[in-house]
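*Asks:*
Protein chains: 2
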Amino acid sequence: MNVCSAKWSQHDNVGGKMARKTGSHGDITGPKVQAAALRLIARHGFAAVSMRQIAREVGLQAGALYRYTPDKQTLLFDLMRGHMDALLVAREGAAMAGTPLIRLDEFVRFHIRFHLERPDAVFVSYMELRNLTPENFATLEALRRVYEDQLEVILRFGVVAGVFDVVDTKISTLAIIAMLTGLTTWYREDGRLPLADIERIYTGLVHGAVGVK
Amino acid sequence: MNVCSAKWSQHDNVGGKMARKTGSHGDITGPKVQAAALRLIARHGFAAVSMRQIAREVGLQAGALYRYTPDKQTLLFDLMRGHMDALLVAREGAAMAGTPLIRLDEFVRFHIRFHLERPDAVFVSYMELRNLTPENFATLEALRRVYEDQLEVILRFGVVAGVFDVVDTKISTLAIIAMLTGLTTWYREDGRLPLADIERIYTGLVHGAVGVK
DNA sequence: GTCTATAAGGGGATAGAC
DNA sequence: GTCTATCCCCTTATAGAC
Chain H
1 MNVCSAKWSQ HDNVGGKMAR KTGSHGDITG PKVQAAALRL IARHGFAAVS MRQIAREVGL
61 QAGALYRYTP DKQTLLFDLM RGHMDALLVA REGAAMAGTP LIRLDEFVRF HIRFHLERPD
121 AVFVSYMELR NLTPENFATL EALRRVYEDQ LEVILRFGVV AGVFDVVDTK ISTLAIIAML
181 TGLTTWYRED GRLPLADIER IYTGLVHGAV GVK
Chain B
1 MNVCSAKWSQ HDNVGGKMAR KTGSHGDITG PKVQAAALRL IARHGFAAVS MRQIAREVGL
61 QAGALYRYTP DKQTLLFDLM RGHMDALLVA REGAAMAGTP LIRLDEFVRF HIRFHLERPD
121 AVFVSYMELR NLTPENFATL EALRRVYEDQ LEVILRFGVV AGVFDVVDTK ISTLAIIAML
181 TGLTTWYRED GRLPLADIER IYTGLVHGAV GVK
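Chains H and B, in that order, give the protein sequences. At the far end of the first sequence sits residue 213, using full-length UniProt numbering, and the numbering has no gaps. At the far end of the second sequence sits residue 213, using full-length UniProt numbering, and the numbering has no gaps.
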């Protein structure tokens with residue numbers, strides 16, 4: 001499965017219409033628009049952020065944003081899909097070998113680090129699902145499901161290998177992911193414990209939850 | 001600590017100005033406004049819902065809403081504080097006696113049931129924190145902290161009694177609450193498993209996470 | 001690629017009649 | 001307690017100059 005997506009959802013930039021011209025800034029302005037939108041939406045919410053605010057943050061007038069997105073809805077969707085794409089691409093490097101316990105620990109560490117490195121994208125991806133059109137929502141749900149299934153496969157592997165004690169792998173998968181993602185709501189870099197300690201504690205909680213023998 | 005709050009945050013209804021008059025509907029319209037606002041905000045988000053939409057849902061004109069709230073921000077805050085008040089009031093009936101394991105299981109069952117019975121209030125209370133003024137946010141954080149501390153007390157009790165194996169009671173508290181609350185994002189009444197089974201599974205996950213001996 | 005200007009409409013909140 | 005009417009500002013998105 002190719003998890004990568006086109007730049008626009010409904011408005012593909014075919015041909016060379018946006019090719020670089022002397023004095024153009026499109027190839028740097030585009031990412032700046034996305035970054036500003038992500039930051040503002042994470043802080044204030046999609047509906048509360050106006051195109052004018054995003055434009056001001058980038059140093060543009062509002063009308064110029066429509067060179068970079070066909071509309072506000074697509075801007076949100078592209079941010080969220082970009083996050084899920086990045087998540088699944090990053091998982092492509094995950095070991096498909098090793099014991100269930102090794103693969104479980106790798107998943108836990110991966111999930112924690114990936115999410116803590118992108119607090120704004122995580123926030124937006126969890127909070128703004130209700131602001132998507134039904135089609136866009138379904139697309140993201142499918143991507144999220146692909147990710148969840150990777151953990152469930154590990155749990156089932158551990159169960160058949162006799163090293164995990166899990167009553168329901170689907171529920172345990174959702175419960176573990178919710179537990180790990182919750183870390184993003186309270187973690188602070190200058191908090192009481194270093195990240196390595198927190199990772200160890202969460203790994204231990206997960207070991208207990210799946211009944212590591 | 002008295003966890004109950006006044007009807008308004010900043011705009012108390014002192015005296016008898018709103019006493020019942022012939023033909024008045026205030027004592028029934030008020031709750032209807034709150035219910036409509038909660039429902040709409042849960043579905044679309046605070047910023048996306050207009051006072052006109054809320055009024056239409058109740059069968060009023062927009063101006064009439066201002067008999068029931070001084071402004072939109074206070075309406076949101078009152079919904080969220082009402083939820084936390086109800087949570088803490090409901091916990092007043094919780095057993096302060098019993099073994100750590102009994103009290104832990106009672107907390108897990110309570111949390112699951114209370115949250116599943118109020119999906120809209122749970123959603124709003126977790127998603128709209130960023131739309132509160134700093135003062136209102138601080139108030140809610142304090143109430144949430146009181147609730148979390150009840151679980152942490154149980155975990156510490158189990159540790160000193162030698163029946164739980166918890167490395168860090170604060171982190172375990174937050175992790176367990178995140179895990180349990182996550183249930184509200186996927187639970188459906190007509191789902192694969194009856195609630196009693198789901199409760200048993202989550203209770204087992206929590207037992208593992210706290211290292212029940 | 002970015003600007004200015006504008007269309008067409010919705011927003012929160014208030015005033016004062018009834 | 002509810003209505004109508006209104007103030008004033010903000011919204012998304014487009015048109016067309018440069």
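Even for Gly, the Cβ is constructed at its ideal location relative to N, Cα and C. In this text the structure is predicted, and so the values were computed from the model without any measurement.
#1: From Arg103 of chain B to Thr181 of chain B, what does the alpha carbon distance come to, in whole angstroms?
#2: Are the CB atoms of Val146 of chain B and Leu88 of chain B nearer to each other than 8 Å?
#3: What does the Cβ neighbour count give for Ser172 of chain H, buried or exposed, with the cut at 16 atoms within 10 Å?
#4: Compare the C-beta of residue 228 of chain B against all C-beta atoms of chain H and say whether one is closer than 8 Å.
#5: Going by other Cβ atoms of all chains shown within 10 Å of its Cβ, with 16 needed for buried, is Glu189 of chain H buried or exposed?
#6: Rank H:Asn136, H:Arg144, H:Asp120 by C-alpha distance to the C-alpha of Arg91 of chain H and give the top, closest one.
#7: Have a look at Gly23 of chain B and Ala36 of chain B and give me their C-alpha separation to the nearest angstrom.
#8: CB-CB under 7 Å to Glu199 of chain B, same chain, minus the five flanking residues each way: which ones, in chain order?
#9: Confirm, please, whether the CB-CB distance from Val153 of chain H to Gly159 of chain H is below 8 Å.
#10: DSSP on Asp120 of chain B, reduced to helix/strand/coil?
#11: Helix, strand or coil: which one does DSSP assign to Met127 of chain H?
#12: At which residues does the alpha helix (DSSP H) containing Trp186 of chain B begin and terminate?
#13: Gln73 of chain H to Phe46 of chain H, Cα distance in whole Å?
#14: How long is the line joining the alpha carbons of Phe114 of chain B and Arg192 of chain H, rounded to whole angstroms?
#15: Please classify Pro100 of chain B as buried or exposed, where buried requires at least 16 neighbouring CB atoms within 10 angstroms.
#16: Leaving out the 5 sequence neighbours to the left and right, which residues in its chain are closer than 8 Å to Glu106 of chain H when beta-carbon positions are compared?
#17: The alpha helix (DSSP H) spanning Met84 of chain H covers which residue range?
#18: What residues in the stretch 64-75 of chain B bring their beta carbon closer than 9 Å to a beta carbon of chain H?
#19: Helix, strand or coil for Met96 of chain H? Go by DSSP, reduced to three states.
#20: May I have the straight-line CA-CA distance separating His44 of chain B from Leu205 of chain B, to the nearest angstrom?
#21: Using a Cβ-Cβ distance cut-off of 8 Å, determine whether Leu174 of chain H contacts chain B.
#22: Can you grab the Cα-Cα spacing for the pair Leu60 of chain H / Val58 of chain B, in whole Å?
#23: Could you give the DSSP three-state label for Gly211 of chain H: helix, strand or coil?
#24: Have a look at Asp27 of chain B and Leu38 of chain B and give me their C-alpha separation to the nearest angstrom.
#25: Note the first and the last residue of the continuous alpha helix (DSSP H) segment covering residue 214 of chain H.
#26: For Leu155 of chain H, which three-state DSSP category applies?
#27: Starting from Arg52 of chain B, trace the alpha helix (DSSP H) in both directions and tell me its first and last residue.
#28: Can you tell me whether Ala209 of chain B is buried or exposed, with buried defined as 16 or more other CB within 10 angstroms of its CB?
#29: Taking only the alpha-carbon atoms, compute the straight-line gap between Ser125 of chain H and Leu75 of chain H and give it to the nearest angstrom.
#30: What would DSSP say about Val33 of chain B, mapped onto helix, strand or coil?
#31: Does Glu189 of chain H come out as helix, strand or coil in the three-state DSSP assignment?
#32: Which residues in chain B sit within 7 Å of Leu205 of chain H, going by Cβ to Cβ distance?
#33: Just checking: is the beta-carbon of Ala48 of chain B within a distance shorter than 8 Å of some beta-carbon in chain H?
#34: For Arg130 of chain B, tell me which candidate among H:Asp78, H:Leu40, H:Arg118, H:Pro31 has the shortest Cα-Cα distance.
#35: Using C-beta distances below 7 Å, list every residue in its chain close to Ile176 of chain B, excluding the 5 sequence neighbours before and after it, in chain order.
#36: In whole angstroms, what is the alpha-carbon distance linking Ala64 of chain H and Ala48 of chain B?
*Replies:* In short, the structure shows the following:
#1: 18 Å
#2: Yes, the Cβ-Cβ distance between Val146 of chain B and Leu88 of chain B is below 8 Å.
#3: buried
#4: The displayed coordinates of chain B run from 1 to 213. Any statement about residue 228 of chain B would go beyond what the structure contains.
#5: Glu189 of chain H sits exposed, since fewer than 16 C-beta atoms from the chains shown fall within 10 Å of its C-beta.
#6: H:Arg144
#7: Residue confidence is low: Gly23 of chain B scores 45 on pLDDT, short of 50, so the model does not pin down where it sits. Its coordinate-derived value is still stated next. Distance between the alpha carbons of Gly23 of chain B and Ala36 of chain B is about 22 Å.
#8: Arg109, Ile112
#9: Before going further, note that residue 159 of chain H is Val rather than Gly in the sequence given. For Val159 of chain H and Val153 of chain H, no; Cβs fall outside 8 Å.
#10: helix
#11: If DSSP states are grouped into helix, strand and coil, Met127 of chain H belongs with the helices.
#12: 169-186
#13: 9 Å
#14: 31 Å
#15: buried
#16: Ala94, Ala95, Gly98
#17: For Met84 of chain H, the enclosing alpha helix (DSSP H) has its first and last residue at 72-91.
#18: none
#19: Coil, per DSSP.
#20: 33 Å
#21: It does: the Cβ of Leu174 of chain H has a partner Cβ on chain B nearer than 8 Å.
#22: Rounded to the nearest angstrom, the two C-alpha atoms are 41 Å apart.
#23: Correct three-state label for Gly211 of chain H: coil.
#24: 18 Å
#25: Any answer about residue 214 of chain H is impossible in this case: the structure gives chain H only from 1 up to 213.
#26: helix
#27: 51-58
#28: buried
#29: 13 Å
#30: helix
#31: coil
#32: Chain-order list of chain B residues neighbouring Leu205 of chain H: Ser172, Ala175, Ala209, by C-beta distance under 7 Å.
#33: yes
#34: H:Leu40
#35: In its chain, beyond the 5 residues on either side, Leu151, Val206, Ala209 have a beta carbon closer than 7 Å to the beta carbon of Ile176 of chain B.
#36: 24 Å
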